[in-house]
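**Student:** Quick one: the structure is below, questions incoming.
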Amino acid sequence: MTERRPTAEWIVPAGLVAVCVLLVVGSLRSALFAQQTVSGLANGGIYASLAVALVLIYRATEVINFAQGALATFATYVAWQLMQWGLSYWAAFACTLAIAFVGGFAVELVAIRPVERRGSVLTVVIAAIGLLILVEGSIGWIWGNDVKFMPTPFPAHIYTVGGVAFSRQDLSTIAISLLAVIVLWGFFRFTKLGLAMRAAAVRPDAARLVGVRVSWMLSLGWGLAAALGAVAGLMAAASPSVLLQPSMMDGILIYAFAAAVVGGLESAFGAVVAALMIGVLLNLVTSYVHFVGPALQLPVAFVVMLVVLLVKPSGLFGRTRVRRV
Amino acid sequence: MRLRRPTAVGAAATLCAAIVVALLPFALSNYHRTTGATVAVYFIAILALDIVTGYTGQISIGHGAFMAIGGYTTAILTHDHGWNDLATLPAAAAAGFAAGVVVGLPALRFRGVYLALTTFAVALAVPQIAKNYSRFTGGTEGLPLPAHSGLWLYEVGWAIAGAMFVAAWLLLRGRTGRAFRAIRDSEVAAASSGVTLAVYKTVAFGISAAMAGVAGSLFVLVNSFVNPDVFGLQLSLYVLIGAVVGGLGSLRGVLVGAAFVELLPIGLTSGSLAPSQAVPVIFGAVVVAVMALLPLGAADLLRTVLQSRADRGQHPDTPLGTEAK
Chain A
-4 MTERRPTAEW
6 IVPAGLVAVC
16 VLLVVGSLRS
26 ALFAQQTVSG
36 LANGGIYASL
46 AVALVLIYRA
56 TEVINFAQGA
66 LATFATYVAW
76 QLMQWGLSYW
86 AAFACTLAIA
96 FVGGFAVELV
106 AIRPVERRGS
116 VLTVVIAAIG
126 LLILVEGSIG
136 WIWGNDVKFM
146 PTPFPAHIYT
156 VGGVAFSRQD
166 LSTIAISLLA
176 VIVLWGFFRF
186 TKLGLAMRAA
196 AVRPDAARLV
206 GVRVSWMLSL
216 GWGLAAALGA
226 VAGLMAAASP
236 SVLLQPSMMD
246 GILIYAFAAA
256 VVGGLESAFG
266 AVVAALMIGV
276 LLNLVTSYVH
286 FVGPALQLPV
296 AFVVMLVVLL
306 VKPSGLFGRT
316 RVRRV
Chain B
486 MRLRRPTAVG
496 AAATLCAAIV
506 VALLPFALSN
516 YHRTTGATVA
526 VYFIAILALD
536 IVTGYTGQIS
546 IGHGAFMAIG
556 GYTTAILTHD
566 HGWNDLATLP
576 AAAAAGFAAG
586 VVVGLPALRF
596 RGVYLALTTF
606 AVALAVPQIA
616 KNYSRFTGGT
626 EGLPLPAHSG
636 LWLYEVGWAI
646 AGAMFVAAWL
656 LLRGRTGRAF
666 RAIRDSEVAA
676 ASSGVTLAVY
686 KTVAFGISAA
696 MAGVAGSLFV
706 LVNSFVNPDV
716 FGLQLSLYVL
726 IGAVVGGLGS
736 LRGVLVGAAF
746 VELLPIGLTS
756 GSLAPSQAVP
766 VIFGAVVVAV
776 MALLPLGAAD
786 LLRTVLQSRA
796 DRGQHPDTPL
806 GTEAK
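Line by line, the protein sequences are chains A and B.
Oh and the first sequence: position 205 is 200 in the numbering used here, straight run, nothing missing.
With positions in the second sequence counted from 1, the corresponding number in the numbering used here is that position plus 485.
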């Protein structure tokens, strides 16, 4: 059923190496360039967590979860509420991840599974959009539409290396986002449950035959994706440029979509690489190309996605599928 | 053909609905006539979405963007160039058509979730572009337009809606409509029966976007004001909700969908049945429930009733994408 395109396999890795070299050379020559690259990587880390959450669900159920961003925002509000009740930041962080996991699990069970039974891609996509409206609406109903102030766990410390200032905020965001993705990768790679989940995603019927409860694995996938999305939401809210409000993740979701699509939709590694690249690209474009103001970041990400899709429809790291008709 | 009896019932129902709509303004206050005109706007937009998503199976979450293009065409032509506002409607349709063809071109290569993502990104990007080029669009402050009486808006709105409905019906019942449905049900089968996919998909997008452009233009006239927030993501989602509730792939439910989207929030809040914050929650829940229980919406309900009357076992066709996963 699936097959790799034999031609020009080396182009993607070679291109990536070229981009890395370019970024390093630029960073060595200009302090501004280095700073913009690092804060772009921090944004990219946030997009990466959300993009991997999207890929996780796409691989399990072939659905793009349009509600992923809204669920992440909801989780962030839960964390905010817990902190209002007196929990410390990291205690609230841990509780939120657990709540998000249970929430994602429940959402799949209640909202997606009954729809999925009926089949087509269109119905499930529309149901996911219904979920987006529902979740964002609930946030507004419970917590109101005004902007909340989210405390940041990272002291405003700045490290200076060779004339280049790195904020601790950015470095911590990169570290935590990537850590979350790596933990998840380890879970899928090295645990029996992770193996069962991969089996359920790739060959549901065969997995069922060897005793994997496929439907539970799918719910579990949604739970994990929601927890990963919560990490993205919390990191986004910790950043000074993002305000905690019901539509907080709308824009970030688009960047995560772009990353997931550019990475090939089925490849978590591809999504991470693409997310980091998009984060850096957007930052560099807004600081060096003057007619692109912050308002045009979204269209730029969109154009990148469109170009990659038109040139290489399966994304940079996706498999080219041969469809049987 | 086979459906003679239900068609007769449908024609009678359509006639009744048309008479009610025509007589209604005489029983309404000026304010409620404006509300009625907004229902007409949603009617046209939902009709437009139904052509491309319900009939041709090409999902669009971005119809608010086409409405924005039509709306801004009208606003800029009347505000800066002194056009009569009704004279701008053909221009809005032309601008919408052009935009639809441009968005439809990638649709030739994308299917399913990719198309959903692309149109979603368009819906988010267009208001940002309007914000950025404030020289033409007035930026966030927007542009004012001449105000009209509620009766004028109602009559113009519904006259155009009626004409659009007849045009859509004529388009969909013939050769073109058959080609659209063939594409929805199986692209391969359609292509091998001599339907040129590229032409028909682009045409579907173009016509649909032209109608959405007219809807946007009327929307601007009804509000007598335009700014980017008028055409935010919410509008795109509301049009989709209306189409889903009314029933994708059927013209019968369009009025139901339009009334649902515009009147439910007003009914709930003015009857103080629920706070206004609850509206999106209810909308979202309804969309998920419709997708789970009755994927063809109100039209399906109607069809089931008609069919049991006509003692017919089998659905005439299977709307909503049997598109392969």
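In this text, a Cβ means the ideal position worked out from N, Cα and C, and glycines have one as well.
For clarity, every value in this text was computed on a predicted model and none was experimentally measured.
(1) Hey, quick one: how far does the beta strand (DSSP E) through F511(B) stretch, first residue to last?
(2) Whole-angstrom Cβ separation of A123(A) and V50(A), contact assumed at under 8 Å?
(3) Can you give me the Cβ contacts of L277(A) inside the same chain, cut-off strictly under 8 Å, excluding the 5 residues immediately before and after it?
(4) For L628(B), does the three-state DSSP call read helix, strand or coil?
(5) Is G752(B) near G742(B), with beta carbons less than 9 Å apart?
(6) Residues in the same chain with beta-carbon distance under 7 Å from I546(B), minus the five sequence neighbours each way, listed in chain order, please.
(7) Could you spell out the range, first to last residue, of the beta strand (DSSP E) harbouring F161(A)?
(8) For the segment 158 to 169 of chain A against the segment 23 to 32 of chain A, are there 3 or more C-beta pairs whose distance is under 8 Å?
(9) Which class does K143(A) belong to by DSSP, given the choice of helix, strand or coil?
(10) Within its chain, find whatever has a CB closer than 6 Å to the CB of Y639(B); leave out the 5 residues flanking it on each side and keep chain order.
(11) Where does T681(B) fall in DSSP's three states?
(12) Taking its Cβ as the centre, do 16 or more other Cβ atoms sit within 10 Å of L223(A), making it buried, or is it exposed?
(13) Looking at F582(B): is its Cβ nearer than 9 Å to the Cβ of A694(B)?
(14) Which same chain residues end up closer than 7 Å to P591(B) when comparing Cβ atoms and leaving out the 5 residues on each side of it in sequence?
(15) Select from V178(A), V226(A), I153(A), V209(A) the residue whose C-alpha is nearest the C-alpha of A65(A).
(16) Which residues does DSSP pair with T155(A) in a beta bridge?
(17) With a threshold of 9 Å between beta-carbons, can A743(B) be considered close to chain A, or not?
(18) Identify every residue that forms a DSSP beta bridge with L239(A).
(19) Give a yes or no on whether the C-beta atoms belonging to A560(B) and V711(B) are separated by under 9 Å.
(20) Going by Cα to Cα distance, which pick from Y599(B), G662(B), L655(B) is closest to Y53(A)?
(21) With a threshold of 9 Å between beta carbons, is D141(A) in contact with chain B?
(22) Distance, Cα to Cα, V119(A) vs L271(A)?
(23) What three-state label does DSSP hand V207(A) in the structure shown?
(24) Is there contact between the segment 660 to 672 of chain B and the segment 570 to 582 of chain B, where contact requires at least three CB pairs shorter than 8 Å?
(25) For L257(A), name the three-state secondary structure that DSSP assigns.
(26) For the ligand COA, I want to know if V47(A) counts as a neighbour, meaning its beta carbon is within less than 8 Å of at least one of the ligand's heavy atoms.
(27) Which chain A residues sit within Cβ distance under 8 Å of F811(B)?
(28) Checking contacts by CB at 9 Å: is M244(A) closer than that to chain B?
(29) With A592(B) as the anchor, note down where its alpha helix (DSSP H) starts and where it stops.
(30) Take T538(B) and list the residues in its own chain whose beta-carbon comes closer than 7 Å to its own, dropping the five residues that flank it on each side.
(31) What residues of chain E sit near L602(B), judged by a beta carbon separation below 8 Å?
(32) Where do the ends of the alpha helix (DSSP H) carrying E103(A) lie?
(33) So which residues of chain B does E131(A) contact, with C-beta pairs closer than 7 Å?
(34) If we define contact as Cβ-Cβ less than 9 Å, is A550(B) a contact residue for chain A?
(35) Does any CB atom of chain B fall closer than 9 Å to the CB of L305(A)?
(36) Hey, how far is the Cα of M78(A) from the Cα of T56(A)?
**Tutor:** Inspection of the coordinates gives the following:
(1) It is not in any beta strand (DSSP E) - F511(B) carries neither H nor E in the DSSP assignment.
(2) The pair is not a contact, with the Cβ atoms about 15 Å apart (cut-off 8 Å).
(3) G35, N38, Y250, Q292, V295, A296
(4) Of the three classes helix, strand and coil, the one that applies to L628(B) here is strand, per DSSP.
(5) no
(6) A601, T604, F605, A608, S721, L725
(7) Unbroken beta strand (DSSP E) run through F161(A): 159 to 162.
(8) These segments touch.
(9) strand
(10) P510, R518, G521, A522
(11) coil
(12) buried
(13) At the C-beta level, F582(B) and A694(B) come within 9 Å of one another.
(14) T603
(15) V226(A)
(16) A160(A)
(17) Using a Cβ-Cβ cut-off of 9 Å, A743(B) does not count as an interface residue toward chain A, since no Cβ of chain A sits closer than that to its own.
(18) K143(A)
(19) Against a cut-off of 9 Å, the Cβ pair of V711(B) and A560(B) comes out as a contact.
(20) Y599(B)
(21) no
(22) 29 Å
(23) coil
(24) no
(25) The question names Leu, but residue 257(A) is Val in the sequence shown. In this structure, V257(A) counts as helix in the three-state DSSP scheme.
(26) Looking for the ligand COA in the displayed structure turns up nothing, as the structure carries no ligands at all.
(27) This structure does not reach residue 811(B), given that chain B is present from 486 up to 810, and the question cannot be answered.
(28) Not an interface residue.
(29) 573 to 592
(30) I544, S545, A728, L733
(31) Looking at the structure shown, chain E is missing, and the protein chains on hand are A and B.
(32) No alpha helix (DSSP H) holds E103(A); DSSP gives it neither H nor E.
(33) By Cβ distance, chain B contributes P765.
(34) Chain A contact via Cβ: absent.
(35) yes
(36) 34 Å
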